[in-house]
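In the working numbering, the protein residues as written are 95 to 341.
For every residue, glycine included, the Cβ atom is placed at its ideal position computed from N, Cα and C.
Report on the following structure.
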């Protein structure tokens, strides 16, 4: 990581980076706990799966470290958290089933984060943020690939699985229907990063970029759901039920 790379950002842009990094730390902590908890549910005979989940947990621990270090690179105060964001992540931690937890976390949540990390790499205002986004996206791509591959295999052997996956999405949606969704501070920070300044015309472009980000997330979710055998209309419906907190 180019931690010593020279760069200077306007205060408001640096604050936006700190807020997004804080949001990422919070989400990566949940992404760390889920595979670590699932490790104890796997029979020791399946050594490769145990090793993969352990590596995934180590990846997430590293992500927490680098996001935190970037957030505090120019100051000593993190950004804000939200009740809705915590509630969204709590539903991931509450899912005891291995396949359902992998579905909610890797296929839908981390799958959406692939689009977010690409967005951050594209609009990063400094070389450190850009490099972090690029490397973390590589790690998350492996996690998503495992989750999709695992569920593709299970769907071929268990015709009832898709019904259980749908129920998991609906159950999570119902649990979060009263929450506000994505932290407004995070949403504003994403717009500012894409805009680069508070100029009205720049903010209009930043808002459009975040709108495209949400569309990219939806398209990615629908594509992965189709790979698991969901018809296009059902995939589109389930994608729209995914938490507004992205993860």
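* alpha helix (DSSP H) segments (min. 4 residues) lying fully within the region 269 to 327 -> 278 to 289, 294 to 321
* **Within 8 Å, strictly: CB atoms of residue 289 and residue 276** => The sequence position of residue 289 within the chain shown is 195, counting from 1. The sequence position of residue 276 within the chain shown is 182, counting from 1. Not closer than 8 Å, so no.
* Is the region 103 to 121 touching the region 263 to 283, taking contact as three or more C-beta pairs under 8 Å? -> yes
* Can you tell me whether residue 337 is buried or exposed, with buried defined as 16 or more other CB within 10 angstroms of its CB? -> Your numbering for residue 337 matches position 243 in the chain shown. So residue 337 counts as buried.
* To do: Figure out for me which residue from 100, 305, 239, 140 has the closest Cα to the Cα of residue 205.
  => The residue you call residue 205 lines up with position 111 of the chain shown. Among 100, 305, 239, 140, the Cα nearest to that of residue 205 belongs to 239.
* Asked: residue 142: buried (16+ other C-beta within 10 angstroms of its C-beta) or exposed?
  -> Numbered from 1 along the chain shown, position 48 holds the residue referred to as residue 142. Under this definition residue 142 is an exposed residue.
* To do: State whether the region 162 to 170 contacts the region 185 to 202, with contact taken as three or more CB pairs (one from each stretch) at a distance under 8 Å.
  => no
* **Alpha carbon of residue 246 to alpha carbon of residue 256, nearest angstrom** => Counted from its first residue, the chain shown places residue 246 at position 152. Counted from its first residue, the chain shown places residue 256 at position 162. Computed Cα separation, rounded: 10 Å.
* Assigned exposure category for residue 161 - 16 Cβ within 10 Å defines buried -> Locating residue 161 in the chain shown gives position 67, counting from the first residue. Looking at its Cβ environment, which holds 16 or more other Cβ atoms inside 10 Å, residue 161 is buried.
* Please go through the region 153 to 191 and give each complete alpha helix (DSSP H) segment of 4 or more residues, from N-terminal end onward. => 177 to 187
* Asked: If we count the other Cβ atoms within 10 Å of its Cβ and call it buried at 16 or more, is residue 129 buried or exposed?
  -> For the purposes of this step, residue 129 is identified with residue 35 of the chain shown, where counting begins at 1. It counts as buried.
* Classification of residue 334 by the beta-carbon crowding that lies within 10 angstroms, buried from 16 upward -> Sequence index remark: in the chain shown, residue 334 carries index 240 (1-based). By the 10 Å Cβ count, residue 334 comes out exposed.
* Can you list, in chain order, the residues of its chain whose CB lies under 6 Å from that of residue 200, leaving out five sequence neighbours each side? -> Locating residue 200 in the chain shown gives position 106, where the first residue counts as 1. The answer, listed in chain order, is 237, 238, 241.
* Asked: Does DSSP put residue 134 in a helix, a strand or coil?
  -> As a working note, residue 134 is residue 40 in the chain shown. Coil at residue 134, not helix or strand.
* **Ordered list of beta strand (DSSP E) runs contained in the region 96 to 129, each at least 3 residues** => none
* Where residue 218 sits in the DSSP three-state scheme -> As a first step, residue 218 is located in the chain shown; it is residue number 124 there, counting from the start. Residue 218 falls in the coil class under three-state DSSP.
* Asked: For residue 54 versus residue 138, is the C-beta distance shorter than 8 Å?
  -> Because the chain in this structure spans residues 95 to 341, residue 54 falls outside the shown range and cannot be described.
* To do: Compare the C-beta of residue 213 with all C-beta atoms of chain C and state if any pair is closer than 8 Å.
  => No chain C is present in this structure, which holds just one protein chain.
* Beta-carbon proximity list for residue 136, same chain, < 6 Å, skipping 5 on both sides -> Taking the first residue of the chain shown as position 1, residue 136 is located at position 42. Cβ within range, chain order: 143, 144.
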